[in-house]
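Numbering-wise (this note's numbering), the sequence shown opens with residue -7 and increments by one. Idealized CB from N, CA, C, for every residue including glycine. Okay, structure first, notes after.
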Amino acid sequence: MNGVLGNIYSKSAIDLSINGVLGNIYSKSAIDLSINGVLGNVYSKSAIDLSINGVFGNVYSKSAIDLSINGVFGNVYTNSTPNASITGNIYSKSSIDLSINGVLGNIYSKSAIDLSINGVLGNIYSKSAIDLSINGVLGNIYSKSAIDLSINGVFGNVYSKSAIDLSINGVFGNVYSKSAIDLSINGVFGNVYSKSAIDLSINGVFGNTVSRLADVAFLGNIQIGSATSSRSLAINRLLGAPYSLDVSGVARLTETGLGTAASGTTGSLVLSHTATGGRSSITFTSPNVTTDYGYIQYSDNNNPNITTETNGGLMVIGVESNDGSGNNMSDRISLYASNGTGNVGVNTFTPEYNLDISGTLAYSNVTEKFIPITVSAALSASFGDGLIRYITTMATAQTLNITNIPTILNRSYVFTFIYVGGATTGFFNAITLALTNGVSGTPAIKGPLTAPASTSCFVQQFYVFITNVTTMSSNTVIQTLTTYA
């Protein structure tokens, strides 16, 4: 239909190709209308092939008629099977093939209808399967069975209770559906309400979307909390709302390509504040004790927390325990790389040690805890962990056992032992090593493992070089012995 019409009521299958202006279409059986003129109403109960190019009033028929009507006529009444050129009105009770290009009144139908409507119409009512291709302007569409709607015009509302495939490019009111619907909507509409799975591809402007189970794809910008949108997704926090965006579940950001390097204005995730001397933070809360939290916080230039430099920025990684227990020693921050075997660097991108600091290290109240050292026999002096040990008495020669050495290639360690005291005649005359991966044994020894020349004071040092973490004998230990008077 390309014209302007009123309403379409249908209960069965009809193939309507209507290019004129019409009012309503009512039919009780299968009708193929080919009408090129201007007419009022068409009522049919039997088979009629109407090719009408003129202007006429009504068509009524009770039997099969082949009508070729090119003029202007009034009414035609017939009870048999004529081949007529009629100038009146036509009434029919059997099947009709209607091709309507003119202007007509109403069409009523109760059987299957295939509607191809390009004009402007009022309402369409149907109780059976209908294929609607509507490019004009229409009112409402009501349907109770499967409908394939291809609507490019402007219409009112679409109500449906069964599966509908809606391809809508025009402007319409509301879409209500209770079953699976595939909506491809490029126009401007009001609201979309759905109770089942809907795949929405919406390129236009609409009001609200309420769905219980839906995949929604938007092509364009989305603004929440203000009138205009200049970004893909923009959210302005409303007054009284605790968060601008509250996600229950796992949130993921995936960048395409190589991602985004950090700068003063860009980043994969940018947190910013608008006031000078402010701060931005990420907080990790505790559901167990709500006053406990961990955080990452950046304070910008001129922040009052930065007292040593007015133009300096400060990044803080912290953890707070405010539960009132007073057990603040239980709060810890751990830098854990490569499952405990990696390195951490300060002012360096290539740390070579568990803690590699490029610069000056200042420390206070340091508790020494180094590689464990044991000997083959008990010593009279306290002998614990460490790289430098002070020995007062060792009456016999001992084997030095060094354990728990990190399994890291190309590392070196120096173990120093200072012997003092009278009658100190013993010293370390052998050494074994054990790595954290379980490899142990005797390394290759270089240097004199002989008794010191003086028993009053001497220093023995072992330089351990780990160059192989699978075969202990491939590693090297150099021993030096210095005697003092």
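With 16 or more other Cβ atoms inside 10 Å of its own Cβ, MET386 counts as buried.
Between the segment 449 to 460 and the segment 406 to 413 there are three or more inter-stretch CB-CB distances shorter than 8 angstroms, so the stretches are counted as touching. The three-state secondary structure of ASN213, taken from DSSP, is coil. Considered as a whole, the segment 413 to 453 harbours 420 to 427, 436 to 438 as its complete beta strand (DSSP E) runs of no fewer than 3 residues, in chain order. Ranked by Cα distance from TYR455, the options PRO435, THR463, THR442 are led by PRO435. Cβ-Cβ distances below 6 angstroms link THR399 to LEU427, THR428, ASN429, VAL461 in the same chain, with the five nearest sequence neighbours on each side left out; the list follows chain order. Under the three-state reduction of DSSP output, SER221 falls in the coil class, being neither helix nor strand. Of the residues assessed, GLY418 falls on the buried side of the cut-off, its CB having 16 or more other CB atoms within 10 angstroms.
The alpha carbon of LEU261 has as its nearest neighbour, out of THR252, THR248, ALA267, LEU231, the alpha carbon of THR252.
The criterion of a C-beta distance shorter than 8 angstroms is not satisfied by TYR328 and GLY305.
By alpha-carbon distance to GLY259, the top candidate from ILE458, THR246, ALA267, GLY269 is THR246. In this structure, the beta-carbon distance from LEU392 to PRO440 does not fall below 8 angstroms. Taken through DSSP and simplified to helix, strand or coil, SER273 comes out as strand. In the three-state scheme derived from DSSP, where H, G and I count as helix and E and B as strand, SER330 is classed as helix. In the displayed model, SER350 falls within coil according to three-state DSSP, outside both helix and strand.
DSSP places MET307 within a strand segment (E or B) once states are collapsed to three. In the three-state reduction of the DSSP assignment, SER313 falls in the coil class, being assigned neither a helical nor a strand state. With contacts defined as CB atoms closer than 8 angstroms, VAL338 and ASN346 fail to qualify as a contacting pair. Taken atom to atom, the span from the alpha-carbon of ASP284 to that of SER322 is near 12 angstroms. Beta-bridge partners assigned by DSSP to ALA243: none are found. CA-CA distance, PRO343 to ASN331, rounds to 16 angstroms. Secondary structure note for GLY337: its beta strand (DSSP E) is the uninterrupted segment 336 to 338. Pairing GLY270 with ASN293, the inter-Cα distance amounts to about 8 angstroms.
With a cutoff of 8 angstroms on beta-carbon distance, LEU425 and ASN467 are scored as near each other.
With fewer than 16 other Cβ atoms from the protein chains shown falling within 10 Å of its own Cβ, ILE214 counts as exposed. Nearest Cα to ALA443 within the set ILE394, GLN471, SER356: GLN471. The Cβ neighbour count for VAL239, taken over all protein chains shown within 10 Å, is under 16; the residue is labelled exposed.
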